[in-house]
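The block underneath contains the structure these notes are about, expressed in structure tokens.
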Amino acid sequence: MTEAILPLALENVSLEIGGVRLIKDIQCRFEAGPRSVVIGPNGAGKSLFLRLCHGLIAPTSGAGRWQGPAGAAQPGAAQAMVFQRPVMLRRSVAANVDYALKLKGHARAERAEIIDEALARCGLRRLRDQPARVLSFGEQQKLALARAWALRPQVLFLDEPTASLDPAATHAVEEIVQAIHDAGTRIIMTTHDLGQARRLSDEVLFLHRGRLLEHAEAGAFFENPKNDLAQAFVRGELLWWRYGRDNRRAEADPTAEDLD
Amino acid sequence: MTEAILPLALENVSLEIGGVRLIKDIQCRFEAGPRSVVIGPNGAGKSLFLRLCHGLIAPTSGAGRWQGPAGAAQPGAAQAMVFQRPVMLRRSVAANVDYALKLKGHARAERAEIIDEALARCGLRRLRDQPARVLSFGEQQKLALARAWALRPQVLFLDEPTASLDPAATHAVEEIVQAIHDAGTRIIMTTHDLGQARRLSDEVLFLHRGRLLEHAEAGAFFENPKNDLAQAFVRGELLWWRYGRDNRRAEADPTAEDLD
Amino acid sequence: MNDFGDAFWAAFQLVVSLDADLTEIVGLSLQVSLTAVFIAALIGLPLGAAVALFRFPGRMAVVVILNAFMGLPPVVVGLVVYLLLSRAGPFGVLGLLFTPTAMIIAQVILITPIIAALTRQVIEDLWSEYEEQLRSLGAGPARALTALLWDGRFSLVTAVLAGFGRASAEVGAVMIVGGNIDHVSRVMTTAIALEVSKGDLALALGLGLILLVLSTGINGAAFLIKEMALKRHA
Amino acid sequence: MNDFGDAFWAAFQLVVSLDADLTEIVGLSLQVSLTAVFIAALIGLPLGAAVALFRFPGRMAVVVILNAFMGLPPVVVGLVVYLLLSRAGPFGVLGLLFTPTAMIIAQVILITPIIAALTRQVIEDLWSEYEEQLRSLGAGPARALTALLWDGRFSLVTAVLAGFGRASAEVGAVMIVGGNIDHVSRVMTTAIALEVSKGDLALALGLGLILLVLSTGINGAAFLIKEMALKRHA
Amino acid sequence: ERFITVASTTSTRNSGLYDYLLPKFQAATGIAVRVVAVGTGQAIRLARNGDADVLLVHHRTSEEQFVADGHGVERFDVMYNDFVLVGPKTDPAGVKGGGDAAAALKTIAASKSPFASRGDDSGTHKKELGLWRTAGVDIAAESGTWYRETGSGMGATLNTASAMNAYALTDRGTWLKFANKADLGILVEGDKRLFNPYGAILVNPAKHPHVKAKDGRIFIDWLISKDGQRLIGSYQLKGQQAFFPNAKAMN
Ligand SMILES: Nc1ncnc2c1ncn2[C@@H]1O[C@H](COP(=O)(O)OP(=O)(O)OP(=O)(O)O)[C@@H](O)[C@H]1O
Ligand SMILES: Nc1ncnc2c1ncn2[C@@H]1O[C@H](COP(=O)(O)OP(=O)(O)OP(=O)(O)O)[C@@H](O)[C@H]1O
Ligand SMILES: [Mg+2]
Ligand SMILES: [Mg+2]
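Protein chains in written order, with my numbering: chain D, 311 to 570; chain A, 311 to 570; chain G, 4 to 237; chain B, 4 to 237; chain X, 431 to 681.
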């Protein structure tokens, strides 16, 4: 974990499933340093994009390359991801974190301490012996964060990590994310909370229907997005039936109430 | 569906699982009319509370009673719920709605039209033939709403229906919820978005650690919650280690960073 | 170990010469096993799903018995069916003994518990995911049953194939109720047993080989159909 | 239908008199089947999980063959083991033919595919839920294997019980490789077959009844252990 | 289709006699014969339940009992063959060439050479037990040591014997047709005690009205007819006569 895997370069990455292009020719680069926030409407492809970056799915064309000195070898070991729909193993809260640490090769002795710290940090200490799968949704999201945090990755992907959290927890998670960033981890996250996006981003990626329409410095983006769809989105007015109609199935869809 | 099932009265309802009391002596009444929003920190028991009201789980003590004229007979048929973690059947988007309608006894002929309308309303028309389980998370939440909406229930439970929606979709869903309310359906929902709670509530229930600490008219609640925990929560400062320490496992947990 | 070489040679010769007896035996084997699997699936799938979904007193006992009956000894099943179908038995007048129908009945008894027990497990796992959603939609166990069988269809294929495996491999029951009568009730497995008792081990092995190739073919076909359906339906 | 009454009576008498022969046969049956299931589970669980998790050329063929081999005909398996262990065969020097060891070997061959094929299905279903999370944590298929076997343990019980059912009910293979030699390799199923061929149907049925009670007992024990573990672990 | 069901023993079936005889019978009479070949005890049981029309087995005492109990109409001698004692060609017990089966068994017992017995109460098994009695050997005490009761049919027992290189008593028909002889060969034959008569019995239609008495009788009559007896005598296995017709009422 001493050698860097960053930067990550996506070269003309496309993803096609069942004849439908879900990610379209994305070209971008993530250098070490800034916090990136990916925003865009539901179904824009944000989660697919994170999974492509993380290496969980392979693009149908183009390629993602970790260009750092350690990037060619084992980039996976230096990354972690908090999924939008966290998956809990059928074991206790603590054991969920423990398993992740074991996979990364931590010795049993040091694991106990890391687990304790991670759970405390995410407010899950009193639940440590609960079976993880009966946790409330928000608690599961916290556990997923604790698990990822315990791994001390170089790059951390977060897919709407606070979507189901209460206001105080959301605030605390934002602080944790900030702390993780300060400790040197590269943050790439998605969120639907534009306030959060403002607070946590150094740069913004705006995705729409599988296309990366804008990739800009955060201040500039929120001041004045260049792309008109991004403008509409930031104003909370992105309504598909008004802007562009590249329906995948190319059928007319003239319902005025259509909300996306 | 002509006769009313409301009001719903919870009498001293408690729920205990594995020796832990997760819901504690809740006493309340839902009359026809107002929109209720249930708020509270993660793990407070909001989802359990909705499931108790909806009849999915039976309380270990106390009872929930539908006291309307049709309440004794088949209250289940007049209710619907949008789950926090929506479950999609392994079939297409349209078939998911269709199945729900079939269960309620709608004839095939009328189903097609209702499905169309529900999907259009929730912006899912272009996805109607997609397998539901590969939808993005937000799309799944919309589909769950469409499915519930199609049923025209007397009472609709919504468990954080906009948690994973983009701002425009959130806005649209709020409008839909309002429209459903206007059409006479009783709305009982949870949310972590306090702004949304303000916009959509006539009355507020504040849950904390399984207890109903406050049940008040919305204006009054947001002006000045009586309960001090509720006050802290509304200010986004509810930190458990400061207020009360009824840890289930009665272990000391003095971590200052504990975020819940 | 020339026997193995001889076995391949025997199998090869039988197949190449399109031996009329072999064709007849293979045909009857397939007819009996496939019919039995079809009927057993018709009973076992809903039965297993019902046990998975309904809560009733003695349910645990039923689960245990279903599991235990995966191990019904074929000879015992054959015997029971024999006693029932024998002229001296209650259904003797039907004259079903030593007919393919009798063999199908015995195999249905044998494999229905297998399909039901495995179905129960699959549906129970699925129900733990679906239960609240379906109950919320107003589907009690009874109405959820078909939805779950449909949604679990890809996993249930394996349960049905396990039943087919047992049926096509089984010899004890069909031997007793079919009688292994040449041109009437001789199937692959009883023919193999016969060759073994004649000491013609190479021919027995050769027949076994053909049987395996056949059942691999059927499994392959099932697999392909499933994969194609999966592609379309996810 | 006096035979059924006679069967109960025969079973009752055997059990009450604590017949020494019966005790011996029951003991050997349990020893053989349980050992075979244990070994088959040791092989079949990881094997099935590996097929579920790894992607390799020819994987589909392996899946189909595993499924097809759930239908390995016992007589054929018995024959192959017989040929391998017979004095003329490659392992003849070991002198294993007509010993319980030979019977265990045959049953392991017979039920390993059953356990593996059913495990494959369970693990594949689980993997579709876990895959991305586990891969994200750095667990490739190899390391995910144990985690999935552990997390799927409650469903896998049914797979192992299916294997046990087949082993305890099977007669064709143990008959050939064990030889059904009195006091050496006679087990419940071969004893039943013997009584049938003697025409003592009541005794055969009685023995079958005892066998079923035994295997129901074992299934019940497995169920209780599983339920207790489930309570503690969710 | 016109057919009758015959309950018979595996040894007769395995010798191939039926495959030779029955097509000729069908050609002559238009009646198909369905043979259910099982253990002697099971065959008698089948016939007693009325599940067969004709019983054709080789254990005289049981057959006579069957008729005496009213299950069968009458027993007819059809043919006989003989039993032979087979064993390893190396003959560790040294019984080869002897003409006295009981003496040979006694020698085998003394040398404790492996012996595979059917142990299934079949005609062959009963014959073997009688020989042990004559030889004065208490065989029950030896079961599980050098004396191995396989509890299975003739073929299975021979498979066991050839894998164990054991001695065994078998009917000649099965032996001639048996393909897995390995190192075994015929060691003792020709003893009068090894005579093995087959009888045919029509199942009693008075007890089982559905029995196809007419066709069953035609079958038995044909078996003991000149034609039938000639054909039985002409059946050859590996160049040897396998069965010897001995019907009394040749017409
Ligand atoms: N395996 C798949 N097969 C087919 N379509 C898929 C698959 N996975 C995702 N999709 C489709 O790709 C689109 C993008 O999905 P993705 O999950 O990336 O959206 P998202 O931007 O994360 O949305 P949300 O904000 O709702 O989480 C969606 O329309 C979805 O239906
Ligand atoms: N089946 C169960 N067994 C044990 N504990 C459970 C079970 N279900 C829920 N709990 C616990 O009950 C508490 C309340 O859960 P619930 O899901 O109602 O919380 P919530 O208020 O909806 O939280 P969130 O805002 O995170 O959705 C949680 O701490 C959870 O761990
Ligand atoms: Mg997403
Ligand atoms: Mg909740």
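Ideal Cβ positions, reconstructed from N, Cα and C, are used throughout, including at glycine.
With a cut-off of 8 Å, does the C-beta of residue i fall near any C-beta of chain B?
i: residue 553 of chain D; result: Legend: pLDDT at residue 553 of chain D = 37, less than 50; position of this residue unreliable, value from coordinates given subsequently. By this cut-off, residue 553 of chain D is not an interface position.
i: residue 57 of chain G; result: no
i: residue 21 of chain G; result: no
i: residue 387 of chain D; result: yes
Please list the terminal residues of the continuous alpha helix (DSSP H) segment that includes residue i.
i: residue 20 of chain G; result: No alpha helix (DSSP H) contains residue 20 of chain G, which DSSP labels as neither H nor E.
i: residue 562 of chain X; result: 553–565
i: residue 592 of chain X; result: 584–594
i: residue 72 of chain G; result: 62–72
i: residue 460 of chain X; result: Element bounds for residue 460 of chain X: n/a, residue is neither H nor E.
Can you check whether the CB of residue j is closer than 8 Å to the CB of residue i?
i: residue 366 of chain A; j: residue 340 of chain A; result: no
i: residue 509 of chain D; j: residue 484 of chain D; result: yes
i: residue 362 of chain A; j: residue 397 of chain A; result: no
i: residue 24 of chain B; j: residue 158 of chain G; result: no
i: residue 374 of chain D; j: residue 413 of chain D; result: no
i: residue 131 of chain B; j: residue 364 of chain D; result: no
i: residue 503 of chain A; j: residue 357 of chain A; result: no
What distance in whole Å lies between the Cβ atoms of residue j and residue i, which are believed to be in contact at a cut-off of 8 Å?
i: residue 467 of chain D; j: residue 389 of chain D; result: 7 Å
i: residue 63 of chain B; j: residue 177 of chain B; result: That belief does not hold up - the Cβ atoms of residue 63 of chain B and residue 177 of chain B are roughly 33 Å apart, past 8 Å.
i: residue 78 of chain B; j: residue 175 of chain B; result: 4 Å
I want to see whether chain X comes within less than 8 Å of residue i, judged by CB atoms only; does it?
i: residue 182 of chain B; result: yes
i: residue 190 of chain B; result: no
i: residue 100 of chain G; result: yes
i: residue 218 of chain B; result: no
i: residue 176 of chain G; result: no
Is residue i near ligand 2, with its Cβ less than 7 Å from a heavy atom?
i: residue 483 of chain D; result: no
i: residue 454 of chain D; result: no
i: residue 492 of chain A; result: no
i: residue 82 of chain G; result: no
i: residue 71 of chain G; result: no
Note the first and the last residue of the continuous beta strand (DSSP E) segment covering residue i.
i: residue 573 of chain D; result: Nothing about residue 573 of chain D can be reported from this structure: the residues present for chain D run from 311 to 570 only.
i: residue 164 of chain G; result: Residue 164 of chain G -> not in any beta strand (DSSP E); alpha helix (DSSP H) instead, spanning 156–172.
i: residue 645 of chain X; result: From DSSP, residue 645 of chain X is part of no beta strand (DSSP E) but of the alpha helix (DSSP H) over 643–654.
i: residue 349 of chain D; result: 346–349
Flag residue i as yes when its Cβ comes closer than 7 Å to any non-hydrogen atom of ligand 1, and as no otherwise.
i: residue 223 of chain G; result: no
i: residue 447 of chain A; result: yes
i: residue 327 of chain D; result: yes
Got a sec: is the Cβ-Cβ distance from residue i to anything in chain A below 8 Å?
i: residue 162 of chain G; result: no
i: residue 138 of chain G; result: yes
i: residue 360 of chain D; result: no
Which chain E residues sit within Cβ distance under 7 Å of residue i?
i: residue 154 of chain B; result: Protein chains D, A, G, B and X are contained in the structure displayed, whereas chain E is not.
Would you say residue i reaches chain G, if we count a Cβ-Cβ gap shorter than 8 Å as a contact?
i: residue 200 of chain B; result: no
i: residue 586 of chain X; result: yes
i: residue 506 of chain X; result: no
Is residue i near ligand 4 - that is, is its Cβ less than 7 Å away from at least one heavy atom of it?
i: residue 469 of chain A; result: yes
i: residue 357 of chain A; result: yes
i: residue 394 of chain D; result: no
So that I know if they touch, is there some Cβ in chain D lying closer than 8 Å to that of residue i?
i: residue 511 of chain A; result: no
i: residue 127 of chain B; result: no
i: residue 85 of chain B; result: no
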